[in-house]
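Visitor: Encoded as structure tokens, here's the structure I'll be asking about.
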Amino acid sequence: AQKVTQAQTEISVVEKEDVTLDCVYETRDTTYYLFWYKQPPSGELVFLIRRNSFDEQNEISGRYSWNFQKSTSSFNFTITASQVVDSAVYFCALSEAIKGSQGNLIFGKGTKLSVKP
Amino acid sequence: NAGVTQTPKFRVLKTGQSMTLLCAQDMNHEYMYWYRQDPGMGLRLIHYSVGEGTTAKGEVPDGYNVSRLKKQNFLLGLESAAPSQTSVYFCASTQGGGWNTGELFFGEGSRLTVL
Chain A
1 AQKVTQAQTE
11 ISVVEKEDVT
21 LDCVYETRDT
31 TYYLFWYKQP
41 PSGELVFLIR
51 RNSFDEQNEI
61 SGRYSWNFQK
71 STSSFNFTIT
81 ASQVVDSAVY
91 FCALSEAIKG
101 SQGNLIFGKG
111 TKLSVKP
Chain B
1 NAGVTQTPKF
11 RVLKTGQSMT
21 LLCAQDMNHE
31 YMYWYRQDPG
41 MGLRLIHYSV
51 GEGTTAKGEV
61 PDGYNVSRLK
71 KQNFLLGLES
81 AAPSQTSVYF
91 CASTQGGGWN
101 TGELFFGEGS
111 RLTVL
């Protein structure tokens with residue numbers, strides 16, 4: 001069965017610190033997608049990234065970077081030089097990517113990040 | 001660009017009452033989903049639809065029904081509301097599924113309280 005674990009329930013950092021949010025997943029499939037979503041205090045869910053299981057290249061987008069390691073089944077998210085606006089709940093999610101599957105996303109329970117000025 | 005619109009945004013019900021949440025998307029997406037979000041539980045899939053006229057159960061379907069009579073609309077119904085259904089409900093849609101699952105576009109959420 002598929003499962004996503006975000007072991008960190010809450011993290012608190014001071015502005016400008018770097019912070020890494022952990023995501024560990026379980027799946028028996030060899031083809032799958034991994035996602036990160038951000039949920040700011042306003043409540044909406046904002047898509048951050050989608051990664052195919054065959055693409056293990058790390059990705060950087062501004063202050064955000066993602067480290068995908070199939071060997072450890074992890075897809076960690078790092079925010080460099082955190083800002084108060086980064087305060088949010090972050091969700092990691094997994095979906096099967098095989099033909100015939102519905103590709104439903106399985107979400108982790110989320111990590112609440114608080115960035116203090 | 002409306003994207004995904006949920007109505008109502010807030011609702012208070014008494015136990016046993018019924019109600020329907022409406023989700024409308026204007027992106028011509030095939031796949032639509034209803035999730036519920038509870039503290040410490042993340043998002044859990046209630047029901048989903050892979051196209052007009054189709055529906056299927058997700059992880060936590062009990063106590064809910066859904067319909068997808070039109071491609072752009074996905075309705076979530078509570079026939080007899082229970083306090084355990086107090087939650088924030090999110091609708092989402094995407095064009096691809098399965099081997100081509102793409103970004104899910106979410107509505108703003110509907111906060112439901114059952115007394």
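Line order of the protein sequences matches chains A and B. Note that the numbering used here gives residue 2 to position 2 of the first sequence, counting from 1, and the numbers run on in steps of one. Note that the numbering used here gives residue 74 to position 74 of the second sequence, counting from 1, and the numbers run on in steps of one. We put the CB at the ideal spot given by N, CA and C, even for glycine. Bear in mind the structure is a predicted one, so any value in this text is a computation, not a measurement.
(1) Pull the bridge partners of R44 of chain B from the DSSP assignment, please.
(2) Quick one: Cα of L21 of chain B to Cα of S71 of chain A, how far?
(3) If the cut is a Cβ gap below 7 Å, which residues of chain B does E10 of chain A touch?
(4) Among the residues of its own chain, which have a CB less than 8 Å from the CB of L115 of chain B, if the five just before and after it don't count?
(5) To be precise: take each residue of the segment 45-57 of chain B, compare its Cβ to all Cβ atoms of chain A, and keep it if any distance is under 9 Å. Which residues remain?
(6) For chain B, check one thing: does any of its Cβ atoms lie closer than 8 Å to the Cβ of N58 of chain A?
(7) Just the Cα atoms here: how many angstroms apart are R63 of chain A and E15 of chain A?
(8) Would you kindly check if the distance between the Cβ of V4 of chain A and the Cβ of S82 of chain A is under 8 Å?
(9) Run the CB neighbour count on I60 of chain A, radius 10 Å, all protein chains shown included, and call it buried at 16 or more, exposed below.
(10) Among B:Q85, B:S18 and B:T5, which residue has its Cα nearest to the Cα of P39 of chain B?
(11) So what's Q85 of chain B in DSSP terms, helix, strand or just coil?
(12) With DSSP as the reference, label S93 of chain B as helix, strand or coil.
(13) Does the structure place the segment 63-73 of chain B close enough to the segment 3-11 of chain B that three or more beta carbon pairs sit under 8 Å?
(14) Just to confirm, are R44 of chain B and Y35 of chain B a CB contact at a threshold of 8 Å?
(15) So which residues on chain A does G40 of chain B lean against when the C-beta distance must stay under 9 Å?
Guide: According to the structure data:
(1) B:R36
(2) 42 Å
(3) Chain B residues near E10 of chain A: none, gap ~10 Å exceeds 7 Å.
(4) V12, L13, K14, T15 and P83
(5) L45, Y48, V50 and A56
(6) no
(7) 13 Å
(8) no
(9) exposed
(10) B:Q85
(11) helix
(12) strand
(13) no
(14) yes
(15) T9, K109 and G110
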